[in-house]
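Visitor: Protein chains in written order, with our numbering: chain A, 16 to 332; chain B, 16 to 332; chain C, 16 to 332; chain D, 16 to 332; chain E, 16 to 332; chain F, 16 to 332.
Note that CB positions come from ideal geometry on N, CA and C, so glycine has one too.
Model, not experiment: these values are computed from the prediction.
Have a look at this one before I ask anything.
6 protein chains.
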Amino acid sequence: MKNGIAFRTIGEEFDGFLLIKESTRGTTSNGKPFLTLILRDASGEIEAKLWDATKDDEETLIPEQIIQVSGEINQFRGKHQLKILSIRLTQPMDNVQVTDFLGKAPMEKEELAEKLTEAIFEMENPKIQRLVRAFIKKYQEELLTYPAATKNHHEFASGLAYHVVSMLAIGKELHKLYPEINKDLLYAGIILHDIGKIKELSGVVSTTYTLEGKMLGHIPMMVEEIGLMANELQIEGEEVLILKHLVLSHHGKAEWGSPTPPLVREAELLHLIDLIDAKMNMLGRALEKVQPGEFTERLFAMDNRAFYKPNFEENEG
Amino acid sequence: MKNGIAFRTIGEEFDGFLLIKESTRGTTSNGKPFLTLILRDASGEIEAKLWDATKDDEETLIPEQIIQVSGEINQFRGKHQLKILSIRLTQPMDNVQVTDFLGKAPMEKEELAEKLTEAIFEMENPKIQRLVRAFIKKYQEELLTYPAATKNHHEFASGLAYHVVSMLAIGKELHKLYPEINKDLLYAGIILHDIGKIKELSGVVSTTYTLEGKMLGHIPMMVEEIGLMANELQIEGEEVLILKHLVLSHHGKAEWGSPTPPLVREAELLHLIDLIDAKMNMLGRALEKVQPGEFTERLFAMDNRAFYKPNFEENEG
Amino acid sequence: MKNGIAFRTIGEEFDGFLLIKESTRGTTSNGKPFLTLILRDASGEIEAKLWDATKDDEETLIPEQIIQVSGEINQFRGKHQLKILSIRLTQPMDNVQVTDFLGKAPMEKEELAEKLTEAIFEMENPKIQRLVRAFIKKYQEELLTYPAATKNHHEFASGLAYHVVSMLAIGKELHKLYPEINKDLLYAGIILHDIGKIKELSGVVSTTYTLEGKMLGHIPMMVEEIGLMANELQIEGEEVLILKHLVLSHHGKAEWGSPTPPLVREAELLHLIDLIDAKMNMLGRALEKVQPGEFTERLFAMDNRAFYKPNFEENEG
Amino acid sequence: MKNGIAFRTIGEEFDGFLLIKESTRGTTSNGKPFLTLILRDASGEIEAKLWDATKDDEETLIPEQIIQVSGEINQFRGKHQLKILSIRLTQPMDNVQVTDFLGKAPMEKEELAEKLTEAIFEMENPKIQRLVRAFIKKYQEELLTYPAATKNHHEFASGLAYHVVSMLAIGKELHKLYPEINKDLLYAGIILHDIGKIKELSGVVSTTYTLEGKMLGHIPMMVEEIGLMANELQIEGEEVLILKHLVLSHHGKAEWGSPTPPLVREAELLHLIDLIDAKMNMLGRALEKVQPGEFTERLFAMDNRAFYKPNFEENEG
Amino acid sequence: MKNGIAFRTIGEEFDGFLLIKESTRGTTSNGKPFLTLILRDASGEIEAKLWDATKDDEETLIPEQIIQVSGEINQFRGKHQLKILSIRLTQPMDNVQVTDFLGKAPMEKEELAEKLTEAIFEMENPKIQRLVRAFIKKYQEELLTYPAATKNHHEFASGLAYHVVSMLAIGKELHKLYPEINKDLLYAGIILHDIGKIKELSGVVSTTYTLEGKMLGHIPMMVEEIGLMANELQIEGEEVLILKHLVLSHHGKAEWGSPTPPLVREAELLHLIDLIDAKMNMLGRALEKVQPGEFTERLFAMDNRAFYKPNFEENEG
Amino acid sequence: MKNGIAFRTIGEEFDGFLLIKESTRGTTSNGKPFLTLILRDASGEIEAKLWDATKDDEETLIPEQIIQVSGEINQFRGKHQLKILSIRLTQPMDNVQVTDFLGKAPMEKEELAEKLTEAIFEMENPKIQRLVRAFIKKYQEELLTYPAATKNHHEFASGLAYHVVSMLAIGKELHKLYPEINKDLLYAGIILHDIGKIKELSGVVSTTYTLEGKMLGHIPMMVEEIGLMANELQIEGEEVLILKHLVLSHHGKAEWGSPTPPLVREAELLHLIDLIDAKMNMLGRALEKVQPGEFTERLFAMDNRAFYKPNFEENEG
């Protein structure tokens, strides 16, 4: 992945396959049409300009198509840009497929599925266990393929499951340190907290927000789903209410999308574990692209900060 | 009602029946026990102190009991306080009942029910109509007896229905002025927006928040209920989604409890109509208690403002 | 109006008359001069580029000129843009005039004037009535021609009067629902609240802020005007003070330009009615331009939200 | 003044004359009436309790009365309190008067008046000069006797003029350092900025807010006054507008009561000079009451900070 | 500890030894002196009132004295209060000492010291290791006895070291999950981040803020200390700068006391681990005092939330 | 200076020497390379475009080079832009040097140094005096050449010393008006407050932030420096602590970079004097470039306000 499009340097030439993520028509200041393409491979994405685009180009160079492209990496307003020299659509014999161009979690689906199963297996409260198991079953396919967001963090295939599995690992250790934590509740909260994203987001490729996602958001949608599922499984009791509360409050504050703040110990912890894993993932991906002694680009989702990679890391790693 | 406890002036004597809303034990600076009672009749409430309270007093003078009390209206830290001279529990022959002491909407239940039915009758979209009708049926009893809040506005019997009926009247007129408004959607939003309070609040007398109310809040609870009801009635389509959105967004902003802000014209209007009716109700009750040329007490739910009643109103009304 | 410039779709050709609202000189990346024009008709406005502009173009294509133009609707950064193919200034025989190209209220001046007169006629307090009548008389011409703002809401000819008349209609209905409202005060507040804009804004065509408008703002300017007018008419008493207060507080909060918040019932209501009419006007104009199932462009003055037009509206309207 | 009531220490006995600023009736926890008095002399104020107050006490011990009182300084909730042992109203032969008990500026009225005259004399722009002179003349008496606020800063007789004169001295020096400042404008802004307080506040003794003050505030009131005065003197031109702007913007931000922020150099400077003089006055009075090595009480108007008086000051002063 | 003063219920009698934390003189509404004492044992603290206090009481019942007291647990304004029936100072033969009455970390000093040593032992970067070791040595005694705060979290003997050791345990696990983290940096940040509190706080008993603590705060004080220590040890290089940055930024935001926000991965993580351990400690202590189905008291340092202890925990634990 | 680059008007031709401040490579929409240069002289800076830039241009036209350039002043997005017609690097015989192109304080270094010496001479407290003198000596060279910031205010050679000297002049006058101010402390605070910028900024030409500056900021860096210097000089006592506090708190609020707010009278005043001088400097430079009757460009560091230069100034000045 280190020779992917996200790791190329300015001035370098590029010749290879890329996936079209977005395509927009523009007009130059001389009135000539051009296309702005967002191209990607598993390492990340780059903007590209196709000058003197034909009608045919406009109609064929569309999202989710794979292209063979050659060009040069330039810089434009502080960001990389690919200047296209030649471009063509792939043909069957090119033997490439969309999934090759998506980022992907550093763990295979089977392993992710296994980790989820283990967590459920550890639960002792039968109501919580049954409810969580039913959700895993219902959304098995999507849970293992969806990203956790359209951008910012875990925005790759299986990102959702990988985020959950990483959080479970943190939760497991914190339970050892703070044994008074109710492990069933924390594990259940971790597994369920973002499942609403499966309905909020359109899918794995060219991910956008669904109408339902825009109008309600994944948090109230998931609270409702828990109610429906509990109804269906005829599970009653405070467990259902508290699980809804964990999902509802996991953004921590009203301004951040949780109309009720965490009011149960495990809800507070769920919020903090979510923060840690999301931030470490964002930072990891940004720092990977810079050298010791450099700053990353500004990270919008981290209050627009640019992070520094210390020089002395070089000599140690 | 104008001779109710809320309208008595300082120095005046009081002799009559009152309902105990709250009762708390305290100790004077000399170490002697006393009771702080919140007493009410239909006009409002007053704090009272019972000095040298006995064990027996503590056990019998409890919430929801009606007492016969005589005393004098004093002032304490800028608020009225009843100094109790004598007190006794009511007996059957006193012929008083709890409901006599609750504030109550200025419209009878029958009329309120009729107004709701009319609104449903005017609807043209069959999905919206069926869904709303089902809710009215399910919660008929509570809808017609519950207050709209524990304090601040419409905190009286039938307050919830009266709030809805007032908002429908405003909605009807605004629909005439802005005919592009979808009346079905607006009416449905008005009727459904606060039904979650039936589960959020404990009841009509000594109203408090339920555990469910504290952990989730009436807004996400009602979004879930709409989903369950639509499931049950096998209603599908964008109408269900938009109705959920109206309920979800009716507080207007994330900070005020709506994780999604209004994104549909009728949702924005629902929020504004809700504001108008709540504020006019609060102001009406506060201004009723002061004379022209005076300011009301500070109204916490209106940014702690004290409102002025102009002098020239006197000569006109 | 539905075939006006604001309703054209991308790719469509345009051939007709438009008014120049703004004109700015630029230089292409090749160093050649061009003009960026904001062109408008009664339906709205569009940006246009004139490439290879001559000195003569720069001097003649200036604000408030009407041009005959043909070109094609393109898209640039998500907004419509007119690519000009030919352009010429109008000649007398074209028989077009500036006012044809301004948006205009959906009510004639006569009707607007009549509505204002009716409202004054209904007033009972002679001081309030005389004061309001004097203002209507003083600013009759401007009140009936000015927009209510440079953009956002009611930004068309007679927009100010139309905004006032719509608010009076809402006020009338709310007075029926809340009869304790002082109608004279509310009507007077509605009529006077934005008259300061006549001095704050430069006029009807190419509206900008005056120096006085920038240095003081319409609210303090109108408070002063009420003082001067009362002086002139020798009207004294609390009515004058309360009317000043209504104007001063009608933006609701210090952060929004009202150094004193509403402290009188009618002041609070005036603020809310103003919000409703401004928002319904903005939403109406934005939603008119999209199809069911689509979102409007982001509306800056409504917290940058994009509003959704439900699909089911299609089958009903 | 250093032996005034504000400088007495806990445990000390007091025997002397004090002015009643406020008087409120209360009831002890045993049901007995008492009076809470706010008493003052020129050094500051103290709360006092009169136990077992009679009807007669209530009727005679009222604001603006001078009393002869003996008692002891106690502490209550971290503040000084005077425990009254004996109290009586003054008699003519006591030869004391209300003004003896008010704090007062450290400069005589004559000197203050002279300083104002000097500043006007230095002005070169005849319009500004005439306008300011007219105000000084109109409000001469009040300007020289009013406090600048009900509390916080310059809350003593002649406080308003003293505040203005101190600011003029700062303005004079800053004009030397930044000669590009328009001195006429700055001086005029300083003299006029708080004159609206003469209408906002009720007077010198037991100062409260007038109805006009509450409904409008001193800033919009003064903007209006400038307009009326300019009208009367038939002064026209940008000078009048800019003077109104200086007054309107002198609180610096909308949240602090200036609907328009400073947009002219002298307006910005006026705001900063006002801050300096108000803060130095507050700090001076608070630090005067503590010893080196101690903190002052928390100062509400300075973000509730307690200020420290360094120990090494002792050895220098 | 479960029979300590913090676990007693209302109405219960108490007879035993307690430590005086604070003592304040007051006067009852009848003018009689009394003492308000804050008394504590290792389980927590309680307010107590001693009525009719003598001069002698005032002089002997002072902070850091141990008393033998009997009384009854009452409630006052929603908080427990001890009504004192008899009280006496302890005598040598009572065989009690101050440290018996302080809360204390659930780990012995030796074990804490060992954990710190282990962490230093694991470090690979010699500069970081030497610097941290020097601090541990310099502040060994205080680090192992100081609380981490005057209230809110880890406000007990050895609280500082216990907080550090808990954070190290979390850091160790997170390093396993995110191996790209620089462990040396994270461990060093954890150990050093709060050492400034040793100078900010006065000590272990009756902990208050020092003058230096109030004027500078522990964060800038510790940044300075790192500079001094590096100077002394003649350590140079980016390591010193980054360690200062970790300490400086560990409160996360300027509003929370970090003038620079975290700009290095380990700084961000340090902030989050600090949050987790502080919050889990606060929640643990608050939830320990309530039964399943109850809410804790409002926790000021957690946005004033009251937390709920679910009912179903009862059956599991 | 009035014929410097910052004072040229649109359409005017320019022919002269300029210093390159920044240089960035771009690609036109036709794919051709160009350079965006920021060029400056002592009056200010201007953006320039060099079309069809060669490899050689890229390598030679770099920051800190002086060029001879001819071109025309254009406007681009509301800002001036220089269209380059010819450009060449300077040669030795051109006889120009970098310092000719930097803005510079309106006072010579010798005079600045003398003013600092005078202030130190006036001090009476020997500890404060010695400490300040040591800093002046240590940083003599940088203090007299550094700017006070990279932009916004005093961003010219000797800007730091000039800012300090101006503030001393204000401080001197305020000390006369408020004689209770500790002059030594105030003078010392003024001289030391921004010395940390010498380490925060990279130098006089093409000033940027150092790594240390980004990671710590000038405030904590200077607090540390004071500690080190006091150590070295073996100065002890509260003076050192209070001086650190003055530096630490001089931005006034946590949000503005001062983790502790001013808690000493002279600290509060230092903050206000700093505000006045920074703002008067910014305003002075912005107003100098506009004519009476015009507004300045928006000033980012002054809440993005555009300031007005009154018309009547014309006739007076």
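Just to confirm the assignment, what range does the alpha helix (DSSP H) spanning residue 54 of chain D have?
Guide: Careful: residue 54 of chain D lies outside any alpha helix (DSSP H), inside the beta strand (DSSP E) at 48 to 56.
Visitor: Which chain B residues sit within Cβ distance under 7 Å of residue 259 of chain A?
Guide: Simply 231.
Visitor: Just list the residues that DSSP pairs residue 10 of chain B with in beta bridges.
Guide: Look at the range of chain B in this structure, 16 to 332, and you will see that residue 10 of chain B is not part of it.
Visitor: Identify the contact partners of residue 89 of chain B in chain D, using a Cβ-Cβ distance below 7 Å as the criterion.
Guide: Per Cβ cutoff of 7 Å: 42.
Visitor: When the distance is taken between beta carbons, is residue 32 of chain B closer than 8 Å to residue 23 of chain B?
Guide: In this structure, residue 32 of chain B does not lie closer than 8 Å to residue 23 of chain B by Cβ.
Visitor: Find the nearest neighbour of residue 85 of chain D within the set D:156, D:70, D:221 and D:63, judged by alpha-carbon distance.
Guide: That would be D:63, whose Cα lies nearest to the Cα of residue 85 of chain D.
Visitor: The beta strand (DSSP E) with residue 241 of chain E in it runs from where to where?
Guide: Taken as a continuous stretch (DSSP letters only), residue 241 of chain E belongs to no beta strand (DSSP E), being part of the alpha helix (DSSP H) at 233 to 248.
Visitor: Using 10 angstroms around the beta-carbon of residue 306 of chain B, count the other beta-carbons present and answer buried if the total reaches 16, otherwise exposed.
Guide: Exposed, by the Cβ-count rule.
Visitor: What does DSSP give as the partner residue(s) for residue 41 of chain E in the beta ladder?
Guide: According to DSSP, residue 41 of chain E bridges with E:49.
Visitor: So residue 146 of chain A and residue 244 of chain A are in contact, right, with Cβ under 8 Å, and what is the actual spacing, rounded?
Guide: Contact holds; Cβ gap of about 6 Å.
Visitor: To the nearest angstrom, report how far apart residue 54 of chain A and residue 162 of chain A are at their CA atoms.
Guide: The straight-line gap from Cα to Cα measures roughly 18 Å.
Visitor: If the cut-off is 9 Å on Cβ atoms, which residues from the segment 181 to 211 of chain B count as contacting chain C, listed in chain order?
Guide: Listed by position along the chain: 181, 184, 185, 187, 188, 189, 191, 192, 193, 195, 196, 197, 199 and 200.
Visitor: When the Cα of residue 333 of chain F is compared with those of F:101, F:206 and F:193, which residue comes out closest?
Guide: As displayed, chain F neither begins before 16 nor continues past 332, which places residue 333 of chain F out of reach and without an answer.
Visitor: Between residue 189 of chain D and residue 185 of chain F, how many whole angstroms is the CB-CB distance? I'm expecting something under 8 Å.
Guide: Their Cβ separation, rounded to whole angstroms, is 7 Å, which keeps residue 189 of chain D and residue 185 of chain F in contact under 8 Å.
Visitor: What three-state label does DSSP hand residue 112 of chain D in the structure shown?
Guide: Note: residue 112 of chain D maps to coil in three-state DSSP.
Visitor: Name the two residues that bound the continuous beta strand (DSSP E) containing residue 264 of chain B.
Guide: Per DSSP, residue 264 of chain B belongs to no beta strand (DSSP E); it is in the alpha helix (DSSP H), 253 to 264.
Visitor: Within 8 Å of any Cβ in chain B, is that where the Cβ of residue 98 of chain E sits?
Guide: With 8 Å as the cut-off, residue 98 of chain E counts as an interface residue toward chain B.
Visitor: Taking buried to mean at least 16 other C-beta atoms within 10 Å of its own C-beta, is residue 341 of chain A buried or exposed?
Guide: The question about residue 341 of chain A has no answer, for chain A in this structure spans 16 to 332.
Visitor: Out of A:281, A:267, A:228 and A:250, which one is the CA nearest neighbour of residue 263 of chain B?
Guide: The residue with the shortest Cα to Cα distance from residue 263 of chain B is A:228.
Visitor: Spell out a yes or no on whether the segment 270 to 289 of chain E and the segment 164 to 174 of chain E are touching, meaning 3 or more CB-CB pairs, one atom from each, closer than 8 Å.
Guide: Verdict: no, contact absent.
Visitor: Below 7 Å on C-beta distance, what does residue 235 of chain E contact in chain F?
Guide: What residue 235 of chain E touches in chain F: 235, 238, 263 and 274.
Visitor: Hey, would you say residue 199 of chain D sits closer than 8 Å to residue 178 of chain D, going by beta carbons?
Guide: The answer is no: Cβ separation not under 8 Å.
Visitor: Just checking my contact of residue 297 of chain E with residue 168 of chain E at CB under 8 Å: how many whole Å lie between their CB atoms?
Guide: With 8 Å as the limit, residue 297 of chain E and residue 168 of chain E qualify as a contact, their Cβ atoms being about 5 Å apart.
Visitor: Using DSSP with H/G/I as helix, E/B as strand and the rest coil, what is residue 26 of chain D?
Guide: In the structure shown, residue 26 of chain D sits in coil (DSSP, three-state: anything other than H, G, I, E or B).
Visitor: Express the C-alpha separation of residue 142 of chain A and residue 254 of chain A in angstroms, rounding to a whole number.
Guide: For residue 254 of chain A and residue 142 of chain A, the distance between alpha carbons rounds to 7 Å.
Visitor: Assuming residue 180 of chain F contacts residue 98 of chain F (C-beta within less than 8 Å), just tell me the rounded distance between them.
Guide: Rounded, the Cβ-Cβ distance is 40 Å, inconsistent with contact.
Visitor: Name, please, each residue of chain C whose Cβ falls closer than 8 Å to the Cβ of residue 140 of chain D.
Guide: What residue 140 of chain D touches in chain C: nothing, since even the nearest Cβ is about 18 Å away.
Visitor: To the nearest angstrom, how far is it from the Cα of residue 104 of chain F to the Cα of residue 118 of chain C?
Guide: Rounded to the nearest angstrom, the two C-alpha atoms are 56 Å apart.
Visitor: Determine the DSSP secondary structure at residue 320 of chain F, reduced to helix, strand or coil.
Guide: Correct three-state label for residue 320 of chain F: strand.
Visitor: State yes or no: is the beta carbon of residue 319 of chain B nearer than 8 Å to at least one beta carbon in chain C?
Guide: Closer than 8 Å: no.
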